[in-house]
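Chains as they are written, first to last, in the working numbering: chain C, 578 to 733; chain B, 578 to 733.
Positions of the beta carbon are idealized from the N, C-alpha and C atoms, including for glycine.
Owing to the predicted nature of the structure, the values given are computational and were not obtained by experimental measurement.
Let me begin by presenting the structure, written as structure tokens, before commenting on it.
Number of protein chains: 2
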Amino acid sequence: MAENSSISIRRARRDDVGVIVTMLADDPLGRARERLEHPLPQSYLHAFEALAKAPHIQLVVAEDGEGAVVGCLQLCILPGLSSQGASRGLIEDVRVATHCRSRGIGERLVRWAIAEARARGCRLVELFTHNTRVDAQRFYARLGFQPSHVGMTLRF
Amino acid sequence: MAENSSISIRRARRDDVGVIVTMLADDPLGRARERLEHPLPQSYLHAFEALAKAPHIQLVVAEDGEGAVVGCLQLCILPGLSSQGASRGLIEDVRVATHCRSRGIGERLVRWAIAEARARGCRLVELFTHNTRVDAQRFYARLGFQPSHVGMTLRF
Chain C
578 MAENSSISIR RARRDDVGVI VTMLADDPLG RARERLEHPL PQSYLHAFEA
628 LAKAPHIQLV VAEDGEGAVV GCLQLCILPG LSSQGASRGL IEDVRVATHC
678 RSRGIGERLV RWAIAEARAR GCRLVELFTH NTRVDAQRFY ARLGFQPSHV
728 GMTLRF
Chain B
578 MAENSSISIR RARRDDVGVI VTMLADDPLG RARERLEHPL PQSYLHAFEA
628 LAKAPHIQLV VAEDGEGAVV GCLQLCILPG LSSQGASRGL IEDVRVATHC
678 RSRGIGERLV RWAIAEARAR GCRLVELFTH NTRVDAQRFY ARLGFQPSHV
728 GMTLRF
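Below you can see the structure in the form of structure tokens.
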């Protein structure tokens with residue numbers, strides 16, 4: 578069983594992609610969007626290669642004491658002119674494995690991202706949560722996030 | 578007077594930074610966040626250097642027929658594993674000079690960003706608009722964006 582104290586956070590590796598996609602697919606929104614097949618569709622591995630080459634993006638996983646991957650998060654550092662030229666950290670794709678929820682793993686991941694964004698000079702972190710993810714919104718509010726913006730999307 | 582038809586979109590140059598910051602500062606939210614001083618605070622120029630070096634980010638300006646900068650937009654292409662490894666385009670810092678509003682310049686900029694994101698393989702574009710920017714939300718809805726997400730932010 579994964580306890581918060583035994584969780585470590587490390588960069589995702591190519592052989593983590595299957596577990597990450599399993600977590601991404603494991604909710605009603607994700608199920609409709611992902612293709613959890615064996616072998617995994619190549620598009621996921623191509624995306625991983627792009628992420629691995631992107632110096633401004635870190636895809637990390639939470640690993641429990643036995644080395645099992647139980648969570649993930651992607652952090653992108655975005656320079657920009659607004660707010661006096663402040664960089665911002667964009668947090669995406671936060672997931673915790675279903676059987677490991679409510680143990681503080683998501684909080685560990687998000688606090689890691691906040692600390693990392695600060696360390697890289699950001700003055701703001703931001704994220705999108707789907708309107709229907711009310712629990713997630715409560716979780717982020719507890720960590721100090723404000724529901725200050727409308728997140729608008731256009732899918733092709 | 579800038580007409581939509583005479584607008585061209587090009588990469589921002591270092592000597593555009595002052596005009597861009599003037600547009601960023603020219604509304605109640607921006608006024609509180611920016612420092613529109615002469616000379617411009619170095620932090621803006623440092624941020625511009627970071628942007629110019631970032632292959633995944635394009636800061637563009639809209640230029641009218643006389644070569645005046647009348648709008649800006651930043652587009653970031655973000656790879657990611659979710660949605661079957663689809664990249665997404667993040668649109669930020671969309672502004673049109675006050676005296677040039679309601680002439681379709683913002684629409685030209687956003688349509689440019691949508692086309693560019695598509696051309697770079699994105700399957701989604703996304704953006705944050707502040708809760709108070711009701712006119713902006715209506716504008717994006719007209720261009721096909723859905724208010725599907727809550728945009729949450731944490732400032733340090």
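Please report whether the beta-carbon of glycine 662(C) lies at a distance below 8 Å from any beta-carbon of chain B.
Chain B, which has a Cβ nearer than 8 Å to the Cβ of glycine 662(C), makes this yes.
If you run the structure through DSSP and keep just helix, strand and coil, what is phenylalanine 716(C)?
It is helical.
Using beta carbons (cut-off 8 Å, strictly below), is threonine 730(C) in contact with chain B?
Yes, threonine 730(C) counts as interfacial toward chain B.
Starting from the C-beta of proline 618(B), find all residues in its chain whose C-beta is less than 7 Å away, skip the five residues before and the five after it, and write them out in chain order.
So the list reads Arg612, once near-sequence residues are dropped.
Three-state secondary structure assigned by DSSP to leucine 628(B):
Helix.
Can you tell which of Thr706(B), Gly662(B), Ala589(B) has its C-alpha closest to the C-alpha of leucine 622(C)?
In terms of Cα proximity to leucine 622(C), the closest of Thr706(B), Gly662(B), Ala589(B) is Gly662(B).
Could you check what DSSP says for glutamate 640(C) in three-state terms: helix, strand or coil?
Here glutamate 640(C) carries a strand assignment [DSSP, helix/strand/coil].
At 7 Å on the CB atoms, spell out the chain A contacts of glycine 721(C), in chain order.
No chain A is part of this structure, whose protein chains are labelled C and B.
Apply the 10 Å Cβ neighbour rule to arginine 608(B) and answer buried if 16 or more other Cβ atoms are within range, or exposed otherwise.
Its Cβ having fewer than 16 others within 10 Å, arginine 608(B) is exposed.
Quick check: is the beta carbon of isoleucine 597(B) nearer than 8 Å to any beta carbon in chain C?
Chain C contact via Cβ: present.
Could you check the C-alpha separation between arginine 591(B) and serine 679(B) for me, to the nearest Å?
When only Cα atoms are considered, arginine 591(B) and serine 679(B) end up about 27 Å apart.
Given leucine 636(B), which residues of its chain have a CB within under 6 Å of its CB, disregarding the five upstream and five downstream residues?
These residues qualify, in order along the chain: Ala589, Leu628, Gln651.
Of all Cβ atoms in chain C, is any one closer than 8 Å to the Cβ of threonine 675(B)?
Not an interface residue.
Span separating the alpha-carbon of arginine 672(B) from that of aspartate 604(B)
The alpha-carbon atoms of arginine 672(B) and aspartate 604(B) are separated by roughly 10 Å.
Return the residue from the list Ile634(C), Leu606(C), Glu669(C) that minimises the CA-CA distance to phenylalanine 705(C).
Closest option to phenylalanine 705(C), Cα to Cα, is Glu669(C).
Using the Cα positions of arginine 697(C) and valine 647(B), report the straight-line distance between them to the nearest angstrom.
One Cα belongs to arginine 697(C), the other to valine 647(B), and the distance between them is close to 32 Å.
From Leu658(C), Gly595(C), Ala624(C), Pro632(C), pick the residue whose C-alpha is nearest to that of leucine 601(B); which is it?
For leucine 601(B), the nearest C-alpha among the options comes from Leu658(C).
Can you give the Cα-Cα distance for valine 687(B) and alanine 713(C), rounded to whole angstroms?
Separation of valine 687(B) and alanine 713(C) (C-alpha to C-alpha, rounded to the nearest whole angstrom) is 29 Å.
If the criterion is Cβ atoms closer than 8 Å, does the pair glutamate 640(C) and serine 585(C) meet it?
Their beta carbons are under 8 Å apart, which means glutamate 640(C) touches serine 585(C) by this criterion.
Where does leucine 686(B) sit, in a helix, a strand or coil, going by DSSP?
Correct three-state label for leucine 686(B): helix.
Within 8 Å (strictly less), CB to CB, does methionine 578(C) reach chain B?
Note that methionine 578(C) scores a pLDDT of 47, beneath 50, so its modelled location is shaky and nothing firm can be said.
Report the rounded CA-to-CA distance for valine 711(B) versus serine 660(C), giving the unit in angstroms.
The alpha-carbon atoms of valine 711(B) and serine 660(C) are separated by roughly 21 Å.
Using a Cβ cut-off of 8 Å, which residues of the stretch 608 to 641 of chain B contact any Cβ in chain C, in chain order?
Closer than 8 Å at the C-beta level to chain C, one finds these residues of the stretch 608 to 641 of chain B: Arg610, Glu611, Arg612, Pro618, Ser620, Tyr621, Leu622, His623, Ala624, Phe625, Ala627, Leu628, Ala631, His633, Ile634, Leu636.
Assigned exposure category for proline 656(B) - 16 Cβ within 10 Å defines buried
Taking all protein chains in view, the Cβ of proline 656(B) is crowded by 16 or more other Cβ atoms within 10 Å, so the residue is classified as buried.
Please list the partners that glutamate 669(C) has in chain B, where partner means a Cβ-to-Cβ separation under 7 Å.
Near glutamate 669(C) (Cβ distances below 7 Å), the residues of chain B are Gly657.
Residues near histidine 707(C) in its chain [Cβ-Cβ closer than 7 Å; skip 5 each side]
For histidine 707(C), where only same-chain residues beyond five positions count, the Cβ hits under 7 Å are Leu606.
Scan the stretch 652 to 712 of chain C and note each continuous beta strand (DSSP E) run of 3 residues or more that stays entirely inside, going in chain order.
As for any beta strand (DSSP E) of minimum length 3 sitting wholly inside the stretch 652 to 712 of chain C, the runs are 664 to 673, 699 to 707, ordered along the chain.
Please confirm if glutamate 693(B) has its CB atom under 8 Å from at least one CB of chain C.
For glutamate 693(B), the answer is no, since every Cβ of chain C falls outside 8 Å of its Cβ.
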